[in-house]
Structures are given as structure tokens and as C-alpha cells.
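Worksheet: the structure to be examined is printed underneath.
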Amino acid sequence: MYFVSSMTYSQTYDSYSGNLVSTVSATNILNDLTAFENFGVKEVGTLALSNAQNWITTRYTDLGYSNIELQPFTYSKGTSNNIIITKTGTTYPNTFLIIDGHYDTINGPGTNDNGSGTVLIMEIARLLADVPTEYSIKFIHFSGEEDGLVGSNYFVNNTVIPQNLDIKLVLNIDEVGGVSGMTNNSIVCERDESSSPTTNNVASNTATNQLATCIELYSNLDTEISYAYASDYMPFEDNNEIITGLYESNETPYAHGPNDILANMDPTYLFEVTKGTLGAALFFAEVDYNVLSTESYALDATISMYPNPARQKLNIQIDLKNEPFANFKLIDILGKEVFQKTLKNSYSKIDVSHLNAGIYLAVFELGKNRITKKLVIN
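So the sequence shown is numbered by our numbering: it starts at -7 and just counts up by one.
In C-alpha cells, the structure reads:
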């Protein structure tokens, strides 16, 4: 039975989170879904899965992550690896928000199940890379899920339990790509309703309600509350951890078959799910605004952009602060990058006459700092 969530919680829209959410890239999502699909059927023991593993690990390296672990495990089907990426928190470095999803598939390319979750996690990891968070984050791409949650069971039994890992929350992402040709305007937020144990159920309910609120704050999706089952959060639930998860409302009829392909999905829906999930990740990991105040917020005062609204030309004045250049991007409301320029001087004049009228995000990157401003073009 489903229950439609209502936004009755104390959470409110956060402008910093909203600005970051607005830079989720629909182009990245589409390109990554295509790449994932092109690897083929990614069952444990196949070259396709190994190639997908290398693609994922290379992406995190390119994003600047250095704490990347391949955790091997062996079972009847062969040997595979969980991919574990850790981002250290500023205040609670030994307490973790886990954001996970499996990257293995069965009987098909699995572009929805679970290329959608894989791509979503990589996109939010891209945007969280330089965001200071109070809690540490582990992005985990599990393998062996399709053979009975093998990789996540191994992680819980060989990492969580022996290390007594302090987990704030497990957020599981599995099959969130929607169905082509259907109205995909809602996402299922999953909570723990298991009777063994029950001691983590109340906390899971709270976290799931918070997740639903974040989805509604930072995307155009409605939410439903249902129960967690048959995915990689279950070994954590059995260990009395607090879990929540996301699953598509319109369930694909193509899972575990050759037709689980991009053509049968709704990438725009996944784009919205990604936006909401990023908002939730920022909420659960808790942005460290004290650190930001000496980084991005300080950068804000050094940038002037006028006129705003702009029509033909946009003037930019920026203090480069001994950096050789700054990167400037314009991103439209769909998350697509429509303009990019390297700023090497303190003053630049940008021709925006070719851009459609509307609202854009102007993104400035100076060294390791990043600031986003709203730009209106008439």
C-alpha cells in the first residue's frame, strides 16, 4: 500500500543547495546512460562488467577523488568488486552517509536497472566533490546485487560489522529511470518496515519523510512512501542500520531482459530524480557553511556581472586573486551547459545575443572555489 507524502516537516528550501542542484547536467546523464548501455550485459564474471568498473573508477579519479577502494569478493559466479569512494567530512569524519546502488546487470544491458542509479550517483558525486560537508560520504557501487545482494552483504559482513562503522544513513538508489511514453512525475521513497529488527524503523521513517521533502523541494516530482525490499539496503537493515531508498513509481516491464535500454526509459525523469537526490544528499551530509564562508562566499564579493537582466552583452568584472584564469559557464534551466569561456582578464564582455530569453545559472570557478549567480536574459 502506498501513502502520498505531505510536506509537513521543518525542512525549508536552501538557496546554496538550490543553486548547486540547478547545475545538475541533463547532458551528462544522457551521455553516461549511453556509455553504460554500450558496455553490454554486465553480469559478474564478464568483460563488460570489468569495463564498467574501470569506467566508474576512472570517473571518480577524474573528479579529483583519491580515496577509491576496490573491494573484491568471490562466490559461485566468480570474483567481482564493490567500488567504494570516500569523501571525508569536516566535523564528523568517522560518521558516514552511504549513497549506494549496484552496477551489475542480468540478461540485458540494464540501462534502467541499474544504470540509472549508477549514473545518478556519479553525477551527484561530481557536484559534491568540492562541497565541504560535516559528515563523511561513501559513494558505493555494489556488484553481485542481481545474484542476491552478494556485494552489499559482503561489505556489511566484512567492513561495517568488523570495523563497527558509524553509519548515519544508507540511501539506496535502484531503478529510477522511468518508463518511456508514460507520465513519470512521482518517485517512491522507501522506508524500513521490516519486523526483524524493528528498532531502526522509526528512524528510517523519519529519514524517508525527510528524503521525500527534499525531492519535492529540489525537483518537480511528487513522492510516495512505500516499504524497502530486495535491494542493497537490506543487509544494512538486517544489521540495524537506518535505511531509505528511491525507486521509480512507474515500474519498468523491461528489467532483467534485453529491452532494458535507454529507448525504453525517460531521461528527463532521471534528471529530476538526480536533482532531488542531490538536495537530499546535501541535507543529510550537512553542508559546512563555516568552511564555505571562507571559500565560495568570499569569492562572491569579487565578482560583478552586469547588466542583469542582459539582452545583447554581459559585462563581467572579477578579481582573479593570483589565479591565471577563471572558468565561466552558463547553464539553462534544464541543466544543459550552453556557454563556456575562460576568463583571463579582470574585465570581459560576453555576447549573449544568441541565447534564448530565460533564466540561467552563471557559474564561476576560480581555483578550487565555485560560485553560482542567477542571470536573466531578455
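Positions of the beta carbon are idealized from the N, C-alpha and C atoms, including for glycine. Computed from a predicted structure; not experimentally measured.
Across which residues does DSSP place residue i in a beta bridge pair?
{"i": "Arg303", "result": "None, per the DSSP bridge assignment."}
{"i": "Gly70", "result": "Tyr67"}
{"i": "Thr364", "result": "Val355"}
{"i": "Met297", "result": "Ile308"}
{"i": "Ile323", "result": "Glu329 and Leu353"}
{"i": "Asp158", "result": "Thr87"}
{"i": "Ser128", "result": "Phe88"}
{"i": "Asp343", "result": "Lys305"}
{"i": "Tyr146", "result": "Answer is none; Tyr146 lacks a bridge partner."}
{"i": "Ser108", "result": "Its beta-bridge partners do not exist; DSSP assigns none."}
{"i": "Tyr239", "result": "Val180"}
{"i": "Leu141", "result": "Partner(s): none; Leu141 has no beta bridge."}
{"i": "Asn164", "result": "Asp92 and Gly237"}
{"i": "Val279", "result": "Thr125"}
{"i": "Leu335", "result": "Ala318"}
{"i": "Phe134", "result": "His94"}
{"i": "Ile369", "result": "Ala302 and Gly350"}
Using the rule of at least 16 other Cβ atoms within 10 Å of the residue's Cβ for burial, across every protein chain shown, is residue i buried or exposed?
{"i": "Leu62", "result": "exposed"}
{"i": "Lys160", "result": "buried"}
{"i": "Tyr210", "result": "buried"}
{"i": "Arg303", "result": "exposed"}
{"i": "Ser187", "result": "exposed"}
{"i": "Thr53", "result": "exposed"}
{"i": "Met(-7)", "result": "A caution first: Met(-7) carries a pLDDT of 31, below 50, which makes its placement in the model unreliable, though a value can still be read off. Classification of Met(-7): exposed, given that the 10 Å Cβ count is below 16."}
{"i": "Pro259", "result": "buried"}
{"i": "Tyr95", "result": "buried"}
{"i": "Tyr246", "result": "buried"}
{"i": "Val152", "result": "buried"}
{"i": "Gly109", "result": "buried"}
{"i": "Tyr1", "result": "Residue placement at Tyr1 cannot be trusted, given a pLDDT of 38 that sits under 50; the coordinates are not used to answer."}
{"i": "Tyr146", "result": "buried"}
{"i": "Asn23", "result": "exposed"}
{"i": "Thr4", "result": "exposed"}
{"i": "Ser9", "result": "buried"}
{"i": "Tyr298", "result": "exposed"}
{"i": "Gln155", "result": "exposed"}
{"i": "Ala273", "result": "buried"}
{"i": "Asn370", "result": "exposed"}
{"i": "Pro64", "result": "exposed"}
{"i": "Gln332", "result": "exposed"}
{"i": "Thr175", "result": "exposed"}
{"i": "Thr269", "result": "buried"}
Are the beta-carbon atoms belonging to residue i and residue j less than 8 Å from one another?
{"i": "Ile90", "j": "Lys130", "result": "yes"}
{"i": "Asn73", "j": "Ser135", "result": "yes"}
{"i": "Gly237", "j": "Ala18", "result": "no"}
{"i": "Tyr84", "j": "Ser128", "result": "yes"}
{"i": "Glu126", "j": "Asp6", "result": "no"}
{"i": "Ile124", "j": "Asp252", "result": "Per the sequence presented here, residue 124 reads as Pro, with Ile not at that position. Against a cut-off of 8 Å, the Cβ pair of Asp252 and Pro124 comes out as no contact."}
{"i": "Leu141", "j": "Pro227", "result": "yes"}
{"i": "Gly37", "j": "Lys69", "result": "yes"}
{"i": "Glu208", "j": "Thr215", "result": "yes"}
{"i": "Leu112", "j": "Val330", "result": "no"}
{"i": "Asn192", "j": "Glu240", "result": "no"}
{"i": "Asp92", "j": "Ile132", "result": "yes"}
{"i": "Val33", "j": "Lys267", "result": "no"}
{"i": "Met257", "j": "Thr103", "result": "yes"}
{"i": "Lys365", "j": "Ala354", "result": "yes"}
{"i": "Gly271", "j": "Val13", "result": "yes"}
{"i": "Phe275", "j": "Gln202", "result": "yes"}
{"i": "Tyr57", "j": "Ile76", "result": "no"}
{"i": "Asn300", "j": "Val194", "result": "no"}
{"i": "Ser172", "j": "Ala255", "result": "yes"}
{"i": "Phe28", "j": "Ala40", "result": "no"}
{"i": "Tyr225", "j": "Val162", "result": "yes"}
{"i": "Gly170", "j": "Leu262", "result": "yes"}
{"i": "Ile235", "j": "Asp311", "result": "no"}
{"i": "Ile295", "j": "Ile363", "result": "yes"}
{"i": "Ala220", "j": "Glu229", "result": "yes"}
{"i": "Glu167", "j": "Asn20", "result": "no"}
{"i": "Leu213", "j": "Ala121", "result": "no"}
{"i": "Pro250", "j": "Asn99", "result": "yes"}
Could one say the Cβ of residue i lies closer than 8 Å to chain C's Cβ atoms, at least one of them?
{"i": "Val279", "result": "Checking the listed chains, one finds no chain C in this structure; it contains a single protein chain."}
Say yes only if the C-beta of residue i is nearer than 7 Å to one or more non-hydrogen atoms of the ligand FAD, and no if none qualify.
{"i": "Pro250", "result": "This structure lacks the ligand FAD, and indeed carries no ligand of any kind."}
Runs of 4 residues minimum, wholly inside the segment 17 to 96: which ones carry the alpha helix (DSSP H) assignment?
18 to 30 and 39 to 54
Between the segment 309 to 324 and the segment 335 to 343, can you find at least three pairs of beta-carbon atoms closer than 8 Å?
These segments touch.
Hey, which unbroken runs of the alpha helix (DSSP H) at 4 residues or more fall wholly within the segment 182 to 232?
Listed in chain order, the complete alpha helix (DSSP H) runs (minimum 4 residues) inside the segment 182 to 232 are 193 to 210 and 226 to 230.
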